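Residue numbers (our numbering), protein chains in the order written: chain A, 2 to 131; chain B, 1454 to 1629.
The following block contains the structure:
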């Protein structure tokens, strides 16, 4: 069981991802933009952040940059369905910031849960070796 | 900032933001696609419900049952499939000559009436009181519950709720 923060401005996607993670035994929290996400990270210990890229107020790129400075051990998954440019272009930017994994939306359940589990195996090692 | 549907790319709404670009959402028409991608399989969802649910054919034979319904019978799921409803819930008359649906008591069986009505008319039944004769370990045969039915394709979804043992000699269960 892990604590996972989901950041997406769409409430339906947040809800579905939260339910999916909870059904898999994880504890999931949602935030609708980067500011809310940073506030959550200040208040609680999370192992993984799943962040959308294009969001109002503070977007995912700015959020990931801040996470890399303030919470360097945190695992980050970036996701995008595209917008003015393709999803892959947004995700390329995220990969430059050394996120642990990227997903193009729509996300598929099995692949998403596999990545979460793989990251947790790695994060367990990091936490032990601190 | 525009919000466009992740699936069909239609414009959903415009929100105030200093940022350029378009965010993703899911329009009402495409919500089923999101549920299909990330949602829980229906069989798992039904299994999590505490209410016993049986999927039956018009002839009252069970084709599927959720976990709560399976708990009503000592038989494993593969043994339940094909049984008659009375056999699954342990109705005493299902063990009589002819079996479930063939005894004189079956004429007034609320479960059978609801399933048949829904199967023939397509109309649902809600919270219909039923007083089947079920042999419990306690020796009490007065059990009452409520049944609801709904039709999907050729099958009837049978929901069993508010199961309770009636006090012995309760006059309300004497007239079945």
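Backbone N, C-alpha and C fix where the C-beta goes; we use that ideal spot for every residue, glycine too.
Bear in mind the structure is a predicted one, so any value in this text is a computation, not a measurement.
Please report the straight-line C-alpha distance between residue i and residue j, rounded to a whole angstrom.
| i | j | result |
| --- | --- | --- |
| residue 8/A | residue 1499/B | 29 Å |
| residue 90/A | residue 83/A | 8 Å |
| residue 1489/B | residue 108/A | 11 Å |
| residue 116/A | residue 1484/B | 24 Å |
| residue 1558/B | residue 1510/B | 21 Å |
| residue 1456/B | residue 1491/B | 20 Å |
| residue 1569/B | residue 1479/B | 40 Å |
| residue 1/A | residue 28/A | Any question about residue 1/A goes unanswered here, given that chain A covers just 2 to 131. |
| residue 20/A | residue 1549/B | 47 Å |
| residue 1482/B | residue 1607/B | 27 Å |
| residue 1580/B | residue 1513/B | 18 Å |
| residue 1/A | residue 51/A | The structure shown has nothing for residue 1/A, since chain A only spans 2 to 131. |
| residue 1522/B | residue 1561/B | 22 Å |
| residue 1572/B | residue 5/A | 46 Å |
| residue 1629/B | residue 1497/B | Low per-residue confidence applies at residue 1629/B: pLDDT is 44, beneath 50, and the placement is therefore not dependable, though the value from the model is reported in the following sentence. In a straight line, the C-alpha of residue 1629/B is about 35 Å away from that of residue 1497/B. |
| residue 1459/B | residue 88/A | 11 Å |
| residue 41/A | residue 11/A | 18 Å |
| residue 64/A | residue 120/A | 19 Å |
| residue 95/A | residue 1502/B | 41 Å |
| residue 1574/B | residue 1516/B | 20 Å |
| residue 1462/B | residue 57/A | 18 Å |
| residue 25/A | residue 112/A | 13 Å |
| residue 86/A | residue 53/A | 15 Å |
| residue 1454/B | residue 1466/B | 9 Å |
| residue 73/A | residue 67/A | 9 Å |
| residue 1504/B | residue 1598/B | 11 Å |
| residue 1584/B | residue 1493/B | 34 Å |
| residue 1468/B | residue 103/A | 26 Å |
| residue 1544/B | residue 23/A | 39 Å |
| residue 44/A | residue 1464/B | 35 Å |
| residue 1614/B | residue 1531/B | 23 Å |
| residue 1582/B | residue 13/A | 38 Å |
| residue 99/A | residue 33/A | 22 Å |
| residue 1611/B | residue 118/A | 38 Å |
| residue 47/A | residue 81/A | 21 Å |
| residue 1609/B | residue 1528/B | 21 Å |
I think residue i touches residue j, with their Cβ atoms under 8 Å apart; what is that distance to the nearest whole Å?
| i | j | result |
| --- | --- | --- |
| residue 1565/B | residue 1554/B | 6 Å |
| residue 106/A | residue 1477/B | 6 Å |
| residue 79/A | residue 49/A | Between residue 49/A and residue 79/A the Cβ distance is about 12 Å, and since that is not below 8 Å, they are no contact. |
| residue 1618/B | residue 1595/B | 7 Å |
| residue 60/A | residue 1472/B | 6 Å |
| residue 1556/B | residue 1577/B | Residue 1556/B to residue 1577/B, Cβ: 27 Å. No contact. |
Is residue i near residue j, with beta carbons less than 7 Å apart?
| i | j | result |
| --- | --- | --- |
| residue 77/A | residue 101/A | yes |
| residue 1525/B | residue 1542/B | yes |
| residue 1399/B | residue 1547/B | The structure shown has nothing for residue 1399/B, since chain B only spans 1454 to 1629. |
| residue 1474/B | residue 55/A | yes |
| residue 135/A | residue 15/A | Chain A is shown only over 2 to 131; residue 135/A falls outside these bounds and no answer can be derived. |
| residue 1520/B | residue 1533/B | no |
| residue 1487/B | residue 17/A | yes |
| residue 1600/B | residue 1567/B | yes |
Interfacial residues, the segment 1474-1494 of chain B to chain A, with Cβ spacing under 8 Å = 1474, 1475, 1476, 1477, 1478, 1479, 1484, 1486, 1487, 1488, 1490, 1491, 1492 and 1493
Which whole runs of the alpha helix (DSSP H) in the segment 1487-1538 of chain B are 4 residues long or more, in chain order?
-> 1495-1501, 1520-1523 and 1530-1533
Of the residues that make up the segment 91-110 of chain A, which ones have a beta carbon closer than 7 Å to any beta carbon in chain B?
-> 106, 107, 108, 109 and 110
Below 8 Å between beta carbons is the criterion; list the residues of the segment 14-38 of chain A that meet it against any residue of chain B, in chain order.
-> Cβ contacts with chain B: 14, 17, 18, 20, 21 and 24.
Which residues, in order along the segment 50-74 of chain A, keep a beta-carbon less than 8 Å from a beta-carbon of chain B?
-> Of all residues in the segment 50-74 of chain A, 53, 55, 56, 57, 58 and 60 have a Cβ within less than 8 Å of some Cβ in chain B.
Entirely within the segment 17-94 of chain A and at least 3 residues each: give me those beta strand (DSSP E) ranges in chain order.
-> Listed in chain order, the complete beta strand (DSSP E) runs (minimum 3 residues) inside the segment 17-94 of chain A are 28-32, 49-53 and 76-81.
Of all the residues that make up the segment 1492-1522 of chain B, which are near chain A by a beta-carbon distance shorter than 7 Å?
-> 1492 and 1493
Below 7 Å between beta carbons is the criterion; list the residues of the segment 1530-1551 of chain B that meet it against any residue of chain A, in chain order.
-> Correct list: empty, as no residue qualifies.
Looking at chain A, which residues of the segment 1458-1469 of chain B have a Cβ within less than 8 Å of any of its Cβ atoms?
-> 1459, 1460, 1468 and 1469
Relative to chain A, which residues along the segment 1551-1578 of chain B have a C-beta separation below 9 Å, given in chain order?
-> Flagged: no residues at all.
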